[in-house]
Amino acid sequence: MAHLCDVLGVMWVVDDGRGALYVGTTGQRVHERDGHYFADDALHEQYSRQGSAQDIGGVRVQAETLMPRRTNIRVGGLAEAVCRALSGAQPLGWGVQEPVTQPWSVPDISSRYGRANADGHFLHFVGPRPEGERGQVNGSLEIQKPRDGIVEHIEASVALPAPWSDDERLDFARSLHAMQVRWARVYHVVGTDPALVPPLFLGLPVPSVLIFGAEALTGRDAHEYGELALMHGALRYEVMRGGSAPSLTVLLRDEPREGVPAPAVIMEAMYRALMPEVG
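Numbering (the working numbering), first residue to last: 193 to 471.
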């Protein structure tokens, strides 16, 4: 929006609903005089509150499944599982663009995009607000159709007031293990206020959980690669069993620690070792 306003040479003016105006991109109060708008240096409190809300951070998820090609296949299940894990409920709706227009229905999505002769597609979905939180789940679902199967790739995020605990991260990993993901990554988005977050991670999505499924572990000892993660500086790992194949979950540190590489460095090393084609 800021770039568009700059190109057009216009000002984005927001009405706070009580008659006061401010610049949408900067928060400066706006006064109208003789049909012209002027911005001053004072910040509008509504903009300040929105800025504070952004500083609470949140969770961002990337995950992928690979299913064998069949005449008809169920798609949307991974998006539903991730949304349930983030909010406790299934998505509210989906659409081919925002805002979403269709009520959530895995059978409906599957009938349109799960057929063997259907093209791949990119969809959006939204979920409810987690109990007691401010923001709802927002995500995208990309259906890819390579020669060897059908890929369901999702990205989703939700605002949270604090990073997940180790137990919460492992619970989330178990829900994705049950979906037999190829791989998954969870990031903690730690906000933008240097008074609230460590400078090394300022404003960045910090890798927090790495999950490697059967494809990455075929012919490999999962514990051996868990120990490799610890050697690189990971916090802990867990080999999850049950279902058709084990998976490896690696937890990374959410705060800098002297002598320990940043989580992004550890993540890169693990993907280089297990799934270099994903990176």
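Ideal Cβ positions, reconstructed from N, Cα and C, are used throughout, including at glycine.
**OP:** Identify whether residue 206 lies in helix, strand or coil by the three-state DSSP scheme.
**Re:** Taken through DSSP and simplified to helix, strand or coil, residue 206 comes out as strand.
Original post:
Alpha carbon to alpha carbon, what distance is there between residue 364 and residue 244?
Top reply: In this predicted model, residue 244 has a pLDDT of only 48, less than 50, meaning its place in the structure is not dependable; the value taken from the coordinates is given anyway. For residue 244 and residue 364, the distance between alpha carbons rounds to 27 Å.
Original post:
Secondary structure at residue 284, three-state DSSP: helix, strand or coil?
Top reply: In this structure, DSSP gives residue 284 a state outside helix and strand, which the three-state scheme calls coil.
**OP:** Give every residue of the same chain whose Cβ lies closer than 7 Å to the Cβ of residue 375, excluding the five residues on either side of it in the sequence, and list them in chain order.
**Re:** Result list for residue 375: 256, 403, 404, 405, 408, 467 and 470, in chain order.
Original post:
Which residue comes first and which comes last in the beta strand (DSSP E) that contains residue 236?
Top reply: Counting along the chain, residue 236 falls outside any beta strand (DSSP E), and DSSP gives it neither H nor E.
**OP:** Can you tell me the Cβ-Cβ gap for residue 205 and residue 216, rounded? I've got them flagged as a contact below 8 Å.
**Re:** Between residue 205 and residue 216 the beta-carbon gap is near 7 Å, inside 8 Å, which marks them as a contact.
**OP:** Look at the alpha carbon of residue 331 and the alpha carbon of residue 378, and state the distance between them as a whole number of angstroms.
**Re:** Rounded to the nearest whole angstrom, the CA to CA distance from residue 331 to residue 378 is 14 Å.
Subject >> Inter-residue spacing [alpha-carbon to alpha-carbon] between residue 230 and residue 349 >> reply: Straight-line measurement puts the Cα of residue 349 at about 36 Å from the Cα of residue 230.
**OP:** With distances taken Cα to Cα, identify the nearest neighbour of residue 296 among 355, 358 and 272.
**Re:** Closest by alpha carbon: 272.
**OP:** Classify residue 299 as helix, strand or coil using the three-state DSSP reduction.
**Re:** DSSP places residue 299 in helix when its eight states are reduced to three.
Original post:
Taking the alpha-carbon positions, what's the residue 450 to residue 380 distance?
Top reply: In a straight line, the C-alpha of residue 450 is about 20 Å away from that of residue 380.
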